[in-house]
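Asker: These protein sequence lines are chains E and Y, in that order. For the first sequence, numbering that gives the first Met the number 0 begins at 0 and goes up steadily by one. For the second sequence, numbering that gives the first Met the number 0 begins at 0 and goes up steadily by one. Beta carbons: idealized from backbone N, C-alpha and C, even for Gly. My structure is below; once you've seen it, I'll send some questions.
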Amino acid sequence: MAATSTWLKHVPSLLEQAETQSAIADRIMFHFPLWTNQLAKLTLGIVPAVFGYAGWILMTATAPETTHLGYAPEQPVPFSHKLHAGMLKMDCRYCHNTVEVTAHAAIPPTQTCINCHSPSDGNGAVALTAIHSKSPKLAEVHNSWANDTPVLWKRVHDLPDFVNFNHSAHVSRGVSCVSCHGRVDQMEVVSQVKTLSMASCLECHRNPAPHLRPVDSVTDMEWVPPKSSSEIGELVRDHWNIKANQNCSTCHY
Amino acid sequence: MPLLDEQQNTKQYWRSLDQLADKPAFQDWMSREFPAAASELPTNVSRRRWLQLMGAALSLGGIAGCRWEAEEFAPFTIRPQNRAPGEKQFFATSWELSGVARPLTATSIDGRPIKIEGNTQHPATSGGTSAFDQAMILSLYDPDRRTRATEQVRNDTVERSWEDFDKTFSRRIKTHAGQDGRGLAILCESSSSETRSWLRDRIAERFGDAIWCEVDGATDAGVEQAFGQRLRTHFDFNEARIIACFDSDPLGAHPDSMRLIRDWADRREPNGDWMNRLYSFESHLSLTGSNADHRCPVKSGDIADIVARLETLVTAKLNGESIDRGKGKVDQVLAALADDLANHKGQSLLTAGPQQSAEVHARIHRLNETLGNHSKTIVFTEIPKTDAADLAELIDAMDNKRVETLLILDVNAAYGLAESTPFREAMTRVPFAVHAGLYNDETAALCRWHVPMAHPLESWSDGRSFDGTISLSQPLISPLFAGRTQSELLSSFVNARKTDAAELVRSALTKQRPEFKNEKSWRRLIHDGFIPNSARQPITAKLVSELDKQLPLGRLPRSAGDEQLEVVISSGSSTYDGRFANNAWLQETPDAISKLTWDNAAAMSPATAKQLGVTHGDVIQLAANNGHVDLPVFELPGVALNSIQLAQGYGRTAAGHVGGLVSEGIEPIGVDVSALQSDEGLLVTGVTVTKTGRRHQLATTQDHFAIDTVGLEAIGARVGELIRTGTLSEYEQHPDFASHRGPHHPPLESLWEEPTYEGHAWGMSIDLNRCIGCTACSVACQSENNVPIVGKEQVLAGREMHWLRMDRYFAGDQEDPEVAHQPVACHHCETAPCEQVCPVAATVHSDEGLNDMVYNRCIGTRYCANNCPYKVRRFNFLDYNAPLEEPKNELVQLVLNPEVTVRSRGVMEKCTYCVQRIQSTKIDAKNNRRSIDDGEIQTACQQACPAQAIVFGDLNDPNSAVAKAHADDRAYGMLAELNTKPRTKYLAKIRNPHPWLANRDSGHSATEVH
């Protein structure tokens, strides 16, 4: 207040000093210089550029390359899910055996491969049930086994570091592997088939029923709902009392 | 506007002296919207330039940033049993600090330890941890650790292998073995390890004449004088109704403090059978003193006289004479104490601290005996005999060239001890010295060889906890730098064949307990971490008969005049004796009382400073015992007049890149005070002070985040509402007194429709009656939640990042204040002010009542922090984690908790109630089709708290501990009048003063606003 009243007190004296009111107006009013008119013309060019840039950003951000859709890196071992999970009907959990109890569906240790594919020794002799003991495709696995070094598998499905996803929480409540990973049993080389964006998470969390099935069928790749999928999903949802949270801290912490 | 003058006779809490005096600096601080320099940007780049750069970086780098680095999996060849990638594993282990084993449970993910907890099964601690326990994990990943063996060849440091060392060293050992050990010396810290004592016996057999020197032996000369033998004194705070401490800090710097805190807190329950009463006479303001019901600031030099006076009073009282209630405060408190002691024979406990002479200790023991406390509240156990030489003897031998080969096992004798200077000189006369240690410290620099040692989390070892329980230490990770353990190094003396540490420990323990031959028993020990019922048995000790002759009753001449200055040296709350100087978590943790970070200072009372004509921040020179040190003045209420308190463990010149490394131009943190020390101990008399005219900036956190809801003038009045205290009698008359301590306000109505909670509703309660202010919770939170370290400059700018801060308030007289501690973290308000102002909904309420903070949404407007009345939101002004990406610091990344996002610049963060723990427990419970038990989810602060002051749980469960605590009479919400509806409630602090003094200390809260 003090500053304002001091200011007001000075205004009349200012007026007295001035010869005319317009002189004051001239002095205190701001006129845009003429060259600023050029800016208006420039704006005509800038606005489309901004929109264009925004559009480009949007397209790039949602492009399959960005969302990793279809990402199918070459793995050090040409492991075929189509053969193992599809034709041989091996259960997912034979290799990814931690999926029901931990956050990660662990990549199997070399030992899991060796259970069937133990290498032949120097004399060509093999263990009891070894399959393809001399296959060059298994060279990496056999090297790993012999030298106790890891097989460096490329990660296909990679969520950002600020997201926490827990496999066990989903698998133990009837969300099938297929829901996020697609028909891995038909893939010669595993690729990413869902964007794994927040939208795809929320789609299911907002309405989980269509994605639920009996827990003992989660790894059944060929499962078809006996009734409509949402009907059976609702049964599962009510049975396990599933409330798919949409809190931020459900995934982000 | 001095606040105190206005309300002279009323209790008034204030945060610091600046605030009390309302100095310009504080006004300046308060009047700013954001703490100073909050708008500063990285140096050397102007704000405009920086924005330009950022804009450009965004448009160019934006697209590239959408793709992340391809990751690879490296699975095991054979996955170990019970190991699942990314899952937590827990291991019972322990580590030794000054010869006392401290039980731990270490959490490990993917084979790397990430968090330390206490061992709840262990009889010695009941699961509490100290700040040191919590922070020791950071030193495992310290990039300053020595990575290789080196040899000093002339002026060059040459890297060597272990084979080189073994070859050279075994040759020397052979020579000494031929001479019966002559010329050989081993310098180590005292230890309670059975393995080491077994090795030592073997070494003594082969090297009879070798010198075995131990430092830091917890010798208690007072016990020897009183009982004629070496004994360890154990306190039972569970039984002691009256506790009197004379310069003693059992709740703080005591090796058994975890148990003592817990037992003490258990007996502070106002609804329990009885509540203990704590008296403290001390020169410096210790944790124990700050929690005492009656505290007298007296010089350490006067304690002897006070004890003698107490003896006289107690004797008189016991003889049925009436005693004078006294006039001055000390007399009054002494009389009340004598009255209490005489009325609680066998239920009281007296203790003296390390600054006091053997005579004072002996008097205390005699008084305890007179009061019948022995074998009731105090028991003794035997300390095994040791004939180890002390450091002075070793230095003498070195000076006389009787030491040709010296092996130093992680002892930094060249720093921080009274004997350090002679030790450094004597080292020049040792032709072959080997230093084994974690760091290339001051002592290593004097040695020809340096070999890396294993960290406790990399080692097989054993030790005895304070009560004597044998505790095992097991490695969680193989030595990162091929370090060896003490026992592995010592085993090279006894046999040529290779022995690894696990075998050594097992064979040493099997010598004592043959059952460990059995694999099952041994596995059991590894699982449990300790041997049940292995505590040492109490023995009865008799006072020596001539004690009364040696220490006659009656007053003592006071050691020095009132005017004479004394210096009291205590161990640093962040650095201990200097060994943790390179630990940035500890350095940044504010001291429990002074709230000082990254420094030590000459703490003195305002009156002392006035007498000396100095003020806060002035650098003074203290001189005594032919040594002098320059230190800044810290005006700290509650320090005794003419007493100056100094913290040990600072001024390290070769600690590392955090604590100081002069060779690389990194200034030491704080000042080494050992120059003042004499052989006499930690109490230094005859001190002179001179002004230097220099000033030093001290980075304290006490004025940060001052809560100014209605401006500076109201703060003082409001603090009494924030932290509510009462006396036991008040509580008994008005159990709900706490709810009346708040401001009166009309009924509160919400502008919003308030949510209801169907499932869980998480909540917390903090019992101020149990909390002692030790700050272990704060470090635990830092460790669990990847809270960054910011450094001294940022702390000065008010940018410390601790999610959980420990507020400390003073009340009353500056020279003799009442102290209260209050931990403050996010209250997860039901109607959170932060949520209402966030323009991007980056902080929102979950349907379990959590105030979620979404880092990936946050754009850094800081509106939320501005609107938070509790000032618990922390903003990443800079990219505090950037140093972790430098190649030399990559190792430190391993300490990060993979379950918690690492935040980047421009993002707000705050306490989440450890939501990662909530989520993982919820998932586990649901996977196993069970409900969550009350107490199953523990927040990191709660789990660390040795006093169990923090309770967390589901408020929707009426039987949960937290729901009961919220319904307690003492419960109150901080600033609840703002209608924030906080989810964290405090339980008011109850003091238990002696009835004679009740009026003196308890003035009915003046802070009540009518």
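Under 9 Å Cβ-Cβ, which residues of chain Y neighbour VAL223 (chain E)?
Answerer: Counted from its first residue, the first sequence places residue 223 (chain E) at position 224. The premise fails here: VAL223 (chain E) is roughly 26 Å from chain Y at the closest Cβ pair, so nothing lies under 9 Å.
Asker: Hey, quick one: how far does the beta strand (DSSP E) through ASP323 (chain Y) stretch, first residue to last?
Answerer: For the purposes of this step, residue 323 (chain Y) is identified with residue 324 of the second sequence, where counting begins at 1. Run containing ASP323 (chain Y): none; DSSP gives neither H nor E here.
Asker: Let me know if TYR971 (chain Y) comes out buried or exposed under the rule of 16 or more other beta-carbons within 10 Å of its beta-carbon.
Answerer: Working through the second sequence from its first residue, we reach residue 971 (chain Y) at position 972. When all chains shown are included, TYR971 (chain Y) counts as buried.
Asker: PHE245 (chain Y) and VAL332 (chain Y) - do their beta-carbons sit closer together than 7 Å?
Answerer: Here the question's residue 332 (chain Y) lines up with position 333 in the second sequence. Here the question's residue 245 (chain Y) lines up with position 246 in the second sequence. Going by C-beta atoms, VAL332 (chain Y) is not nearer than 7 Å to PHE245 (chain Y).
Asker: Can you tell which of Y:ASP440, Y:HIS449, Y:THR442 and Y:LEU489 has the C-alpha that lies nearest to the C-alpha of SER460 (chain Y)?
Answerer: Indexing the second sequence from 1 puts residue 460 (chain Y) at position 461. SER460 (chain Y) has its Cα closest to that of Y:LEU489, out of Y:ASP440, Y:HIS449, Y:THR442 and Y:LEU489.
Asker: Is ASN991 (chain Y) buried or exposed, if buried means 16 or more other CB atoms sit within 10 Å of its CB?
Answerer: If you number the second sequence from 1, residue 991 (chain Y) lands on position 992. Answer is buried; the Cβ neighbour count reaches 16.
Asker: By how many angstroms is the C-alpha of VAL683 (chain Y) removed from the C-alpha of THR249 (chain E)?
Answerer: As a working note, residue 249 (chain E) is residue 250 in the first sequence. As a working note, residue 683 (chain Y) is residue 684 in the second sequence. If you take the alpha carbons of THR249 (chain E) and VAL683 (chain Y), they lie about 58 Å apart.
Asker: Cβ of ASN246 (chain E) less than 7 Å from any chain Y Cβ?
Answerer: Counting from 1 along the first sequence, the entry for residue 246 (chain E) is found at position 247. True, the Cβ-Cβ gap to chain Y drops below 7 Å.
Asker: Taking the alpha-carbon of HIS820 (chain Y) as reference, which of Y:LYS870, Y:ARG769 and Y:HIS283 has the nearest alpha-carbon?
Answerer: Locating residue 820 (chain Y) in the second sequence gives position 821, where the first residue counts as 1. Considering only alpha carbons, the answer is Y:ARG769.
Asker: Between the C-alpha atoms of CYS940 (chain Y) and SER764 (chain Y), what's the straight-line distance to the nearest angstrom?
Answerer: As a first step, residue 940 (chain Y) is located in the second sequence; it is residue number 941 there, counting from the start. As a first step, residue 764 (chain Y) is located in the second sequence; it is residue number 765 there, counting from the start. One C-alpha to the other measures close to 12 Å.
Asker: So, GLU935 (chain Y) versus THR920 (chain Y), is the Cβ gap smaller than 7 Å?
Answerer: Here residue 935 (chain Y) corresponds to residue number 936 of the second sequence, with the count starting at 1. Here residue 920 (chain Y) corresponds to residue number 921 of the second sequence, with the count starting at 1. Yes, Cβ-Cβ distance for GLU935 (chain Y) and THR920 (chain Y) is below 7 Å.
Asker: Is the Cβ of GLY110 (chain Y) closer than 7 Å to any Cβ of chain E?
Answerer: Position 111 of the second sequence, counted from the first residue, corresponds to residue 110 (chain Y). Chain E, which has no Cβ nearer than 7 Å to the Cβ of GLY110 (chain Y), makes this no.
Asker: Give me the DSSP bridge partner(s) of SER642 (chain Y).
Answerer: The residue you call residue 642 (chain Y) lines up with position 643 of the second sequence. Paired residue(s): Y:GLU565.
Asker: By the criterion of Cβ-Cβ separation under 8 Å, what are the contact partners of ILE106 (chain E) in chain Y?
Answerer: For the purposes of this step, residue 106 (chain E) is taken as residue 107 along the first sequence, with counting starting at 1. Those within 8 Å of ILE106 (chain E) in chain Y are PHE72, PRO74 and PRO84.
Asker: Less than 7 Å between CB atoms is the rule here; does GLY64 (chain Y) satisfy it with respect to chain E?
Answerer: Within the second sequence, residue 64 (chain Y) is the residue found at index 65, counting from 1. Since pLDDT at GLY64 (chain Y) reaches only 46, below the 50 mark, its modelled position is unreliable, and no value is offered.
Asker: Any C-beta of chain Y within less than 8 Å: which residues of the segment 173–194 of chain E qualify?
Answerer: none
Asker: Pairing CB atoms from the segment 844–854 of chain Y with CB atoms from the segment 310–326 of chain Y, are three or more of them under 8 Å?
Answerer: Result no; under three Cβ-Cβ pairs closer than 8 Å.
Asker: State the start and end residues of the unbroken alpha helix (DSSP H) segment that holds ALA388 (chain Y).
Answerer: The residue labelled residue 388 (chain Y) in the question sits at position 389 within the second sequence. That residue, ALA388 (chain Y), is in no alpha helix (DSSP H); it is neither H nor E in DSSP.
Asker: At 9 Å on the CB atoms, spell out the chain Y contacts of TRP152 (chain E), in chain order.
Answerer: To locate residue 152 (chain E), count along the first sequence from 1; it is residue 153. Under the 9 Å cutoff, chain Y gives GLU71, PHE72, ALA73 and PRO74.
Asker: Name the chain Y residues that come within less than 8 Å of PRO72 (chain E), Cβ to Cβ?
Answerer: Here residue 72 (chain E) refers to the residue found at position 73 when the first sequence is read from its first residue. Near PRO72 (chain E) (Cβ distances below 8 Å), the residues of chain Y are ALA69.
Asker: Whose CA, out of Y:HIS454, Y:PRO455 and Y:LEU471, lies closest to the CA of ASP462 (chain Y)?
Answerer: Against the second sequence, residue 462 (chain Y) aligns to sequence position 463. Looking at the sequence shown, residue 462 (chain Y) is not Asp but Gly. Ranking Y:HIS454, Y:PRO455 and Y:LEU471 by Cα distance to GLY462 (chain Y) puts Y:LEU471 first.
Asker: Whose C-alpha, out of Y:ASN865, Y:ALA824 and Y:GLY616, is nearest the C-alpha of ARG694 (chain Y)?
Answerer: Mapped onto the second sequence, residue 694 (chain Y) falls at position 695. Comparing Cα-Cα distances from ARG694 (chain Y) to each of Y:ASN865, Y:ALA824 and Y:GLY616, the minimum goes to Y:GLY616.
Asker: Between the segment 337–351 of chain Y and the segment 299–317 of chain Y, are three or more C-beta pairs nearer than 8 Å?
Answerer: yes
Asker: Tell me the residue span of the alpha helix (DSSP H) that contains MET763 (chain Y).
Answerer: In the second sequence, counting from the first residue as 1, residue 763 (chain Y) sits at position 764. From DSSP, MET763 (chain Y) is part of no alpha helix (DSSP H) but of the beta strand (DSSP E) over 761–766.
Asker: For ARG171 (chain Y) and HIS627 (chain Y), I'd like the C-alpha separation in whole angstroms.
Answerer: Looking up residue 171 (chain Y) in the second sequence gives position 172. Looking up residue 627 (chain Y) in the second sequence gives position 628. Near 41 Å, if we compare the C-alpha coordinates of HIS627 (chain Y) and ARG171 (chain Y).
Asker: Per DSSP, what kind of secondary structure is HIS80 (chain E) in: helix, strand or coil?
Answerer: Within the first sequence, residue 80 (chain E) is the residue found at index 81, counting from 1. Residue state, collapsed to three classes: helix.
Asker: Please state the DSSP three-state secondary structure of ALA705 (chain Y).
Answerer: Against the second sequence, residue 705 (chain Y) aligns to sequence position 706. Below a pLDDT of 50, predicted positions are generally treated as unreliable, and ALA705 (chain Y), at 45, falls in that range; the measurement from the model is reported next regardless. Looking at ALA705 (chain Y) - three-state DSSP - the assignment turns out to be coil, as it is neither helix nor strand.
Asker: Quick check: is any heavy atom of the ligand PLP less than 6 Å from the C-beta of THR699 (chain Y)?
Answerer: This structure does not include the ligand PLP; it has no bound ligands of any sort.
Asker: Can you tell which of Y:TRP584, Y:PRO832, Y:ALA810 and Y:THR691 has its C-alpha closest to the C-alpha of ASN785 (chain Y)?
Answerer: Here residue 785 (chain Y) refers to the residue found at position 786 when the second sequence is read from its first residue. The shortest Cα separation from ASN785 (chain Y) among Y:TRP584, Y:PRO832, Y:ALA810 and Y:THR691 belongs to Y:TRP584.
Asker: Determine whether the Cβ of LEU954 (chain Y) lies closer than 7 Å to any Cβ atom of chain E.
Answerer: As a position in the second sequence, residue 954 (chain Y) is number 955, starting the count at 1. Not an interface residue.
Asker: Please list, in chain order, the chain Y residues whose beta carbon lies closer than 8 Å to that of HIS251 (chain E).
Answerer: Stepping through the first sequence from its first residue, residue 251 (chain E) is reached at position 252. The contacting residues are ASP851, VAL853, TYR854, ASN855 and THR900.
Asker: Would you say LEU151 (chain E) and PRO75 (chain E) are within 7 Å of each other, going by their C-beta atoms?
Answerer: As a position in the first sequence, residue 151 (chain E) is number 152, starting the count at 1. As a position in the first sequence, residue 75 (chain E) is number 76, starting the count at 1. Contact: yes.
Asker: Taking the straight line between their C-alpha atoms, what separation do you get for PRO994 (chain Y) and TYR730 (chain Y)?
Answerer: In the second sequence, residue 994 (chain Y) corresponds to position 995, counting from 1. In the second sequence, residue 730 (chain Y) corresponds to position 731, counting from 1. The straight-line gap from Cα to Cα measures roughly 14 Å.
Asker: Against chain Y, with Cβ distances strictly below 7 Å, would HIS238 (chain E) count as a contact?
Answerer: The sequence position of residue 238 (chain E) within the first sequence is 239, counting from 1. It does not; no Cβ of chain Y falls within 7 Å.
Asker: Cβ of ILE530 (chain Y) less than 7 Å from any chain E Cβ?
Answerer: Taking the second sequence and counting its residues from 1, the one referred to as residue 530 (chain Y) is at position 531. Using a Cβ-Cβ cut-off of 7 Å, ILE530 (chain Y) does not count as an interface residue toward chain E, since no Cβ of chain E sits closer than that to its own.
Asker: In whole angstroms, what separates the C-alpha of LEU996 (chain Y) from that of HIS343 (chain Y)?
Answerer: Here residue 996 (chain Y) refers to the residue found at position 997 of the second sequence. Here residue 343 (chain Y) refers to the residue found at position 344 of the second sequence. Roughly 18 Å separates the two Cα atoms.
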